[in-house]
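In the numbering used here, the protein residues as written are 170 to 544. Built from N, CA and C at the ideal position, the CB exists for glycine as well. Okay, structure first, notes after.
Printed below as a string of structure tokens:
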């Protein structure tokens, strides 16, 4: 496994981090994790040198932290650093933060958490956290030995990101970044700014919710073939990230053991500055061909929908139908959903838009998806 120095710390962290957000489930129920398989995957990754395990309070409807705690039994805790996050949307007073952190320690069954993040900061939640003096609280719980390093994950524009970075002597941050999102949210400028300030940078959504990991569209296949590039789409996206010295850890939300194995092989073949100028030019060329019309990452923060709409699935079907010219196939998949899961079951309550990290106009987009597949 390849390792990189983690910002200003003396830690050496694996370039591949295990994101416990998309673990294998039973009957496609997010809360019903396939424990045996998920634990096998996490321990396999650790045995191969992965030492950064990332989870969060809401993942798998609250069960991800419990699963990670189970996976780290039998001596595995001593081999890794664990990251989890404070759900800032649930904190109205400091007592709430204390209660949540204590519950997370209990769920993970840990004496302390290595990396603790304020989860999904944006302008509004950052203002709320400042009003609660959350930074003072973070220092207190660090001094109490409950956490070791302080960071934040982020979903907003670069201006807000810069303000947050400048507000405190953070140890690290976590941003959405991939070759489609260089100008989106924190973007390339944010990556560089955080690195220059000494923060370690952890990358989430490296494969844009799986969009950059599937079969390449026909035109992209042609470009890759013409340039003698034989990487899988997932490997190409990961190598593009690891090529950059500003990137410390790339999180992958792996759903099966084969993905774990493939990503470990990719990580072991990575290096800073390893891609040629020609290869970088090719990636820039295919970028224009890979942009889906809806920039959903399938993070599922919008779920569950009060009326049962499967928002990420509807957007995924729409994007792949457009990108891969597979209208009939995806229309069939759309129609095979339960009625309440379809886009046209949206009642425009707006709950989803309030929690979407991408700030998507979800209600209007669902209307567009419904018209597309019924048209």
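I'd like the span of the alpha helix (DSSP H) that includes residue i, first residue to last.
i	result
residue 238	233-240
residue 452	446-459
residue 289	Segment 282-290 is the beta strand (DSSP E) holding residue 289; no alpha helix (DSSP H) there.
residue 429	426-437
residue 491	480-493
residue 567	This structure leaves residue 567 out entirely; the chain is present only between 170 and 544.
residue 185	Here residue 185 belongs to no alpha helix (DSSP H); instead the beta strand (DSSP E) covers 185-188.
residue 272	263-277
residue 472	From DSSP, residue 472 is part of no alpha helix (DSSP H); its letter is neither H nor E.
residue 403	402-411
residue 213	204-216
As a quick exercise: from the options, pick the residue whose alpha carbon is nearest that of residue i.
i	options	result
residue 384	185, 400, 374, 200	400
residue 253	470, 263, 272, 429	272
residue 331	315, 351, 355	355
residue 410	329, 465, 376	376
residue 447	395, 540, 243, 317	395
residue 459	324, 489, 473	489
residue 477	397, 509, 346	509
residue 199	267, 456, 404, 479	479
residue 357	336, 326, 335	326
residue 153	177, 350, 300	As displayed, the chain neither begins before 170 nor continues past 544, which places residue 153 out of reach and without an answer.
residue 514	529, 528, 499, 540	540
residue 420	441, 543, 378	378
residue 204	316, 237, 499, 224	237
residue 213	533, 187, 229	187
residue 433	361, 215, 470, 225	215
residue 464	406, 473, 224, 485	485
residue 466	324, 246, 172	324
residue 406	487, 474, 381, 175	381
residue 288	360, 373, 359	373
residue 353	529, 176, 542	529
residue 292	267, 329, 266	329
residue 404	438, 516, 532	438
residue 516	544, 491, 475	475
residue 518	506, 505, 532	532
residue 388	270, 500, 491	491
residue 246	173, 208, 506, 321	208
residue 359	322, 390, 392, 185	322
Once you ignore the five residues that flank residue i on each side, which residues in its own chain have a CB closer than 6 Å to its CB?
i	result
residue 444	412
residue 264	none
residue 314	281
residue 345	354, 373, 374
residue 177	367
residue 316	282, 285, 310
residue 143	The displayed coordinates of the chain run from 170 to 544. Any statement about residue 143 would go beyond what the structure contains.
residue 224	189, 233, 234, 237, 253
Near residue i, what residues of its chain come up, given a Cβ to Cβ distance below 7 Å and the 5 sequence neighbours on each side ignored?
i	result
residue 218	170, 183
residue 210	423, 426, 429
residue 220	182, 183, 248, 249, 250
residue 319	285, 307, 311, 339, 340
residue 363	334, 342, 370
residue 201	194, 195
residue 512	478, 483, 535, 538, 539
residue 228	189, 190
residue 304	337
residue 402	381, 382, 383, 385
Starting from residue i, follow the beta strand (DSSP E) in both directions and report where the run begins and ends.
i	result
residue 173	172-174
residue 545	In the structure as shown, the chain starts at 170 and stops at 544, and residue 545 therefore has no counterpart that could be examined.
residue 250	250-255
residue 420	418-421
Might you give, ordered along the chain, the residues of its own chain that have their beta carbon closer than 8 Å to the beta carbon of residue i, omitting 5 neighbours on each side?
i	result
residue 302	263
residue 502	486
residue 361	415
residue 456	348, 349
residue 470	227, 289, 524, 525, 526
Subject >> Minimum length 4: unbroken alpha helix (DSSP H) runs contained in the region 505-536 >> reply: 520-524
**OP:** May I have a chain-ordered list of the beta strand (DSSP E) segments no shorter than 3 residues that lie completely inside the region 335-392?
**Re:** 341-345, 369-373
**OP:** Mind the definition here: the region 330-347 touches the region 450-465 only if three or more C-beta pairs lie below 8 Å; say whether that holds.
**Re:** no
Subject >> contact_flag[the region 297-314, the region 367-381] where n(CB pairs < 8 Å) is 3 or more >> reply: no
Original post:
Given 8 Å as the limit, is there contact between the region 518-535 and the region 407-424, that is, 3 or more CB pairs closer than that?
Top reply: no
Original post:
Can you give, in chain order, each stretch of the beta strand (DSSP E) that sits fully within the region 294-334 and has at least 3 residues?
Top reply: 316-323
Subject >> Any 3 or more C-beta pairs closer than 8 Å across the region 290-306 and the region 242-250 >> reply: no
**OP:** Evaluate contact between the region 265-281 and the region 232-249, counting only Cβ atoms and requiring at least three cross-stretch pairs below 8 Å.
**Re:** yes
Original post:
Is the region 257-266 touching the region 481-498 in the sense that three or more CB pairs, one from each, lie closer than 8 Å?
Top reply: no
**OP:** Assess, as a yes-or-no matter, whether the region 191-199 is touched by the region 217-237 under the definition of 3 or more beta carbon pairs within less than 8 Å.
**Re:** yes
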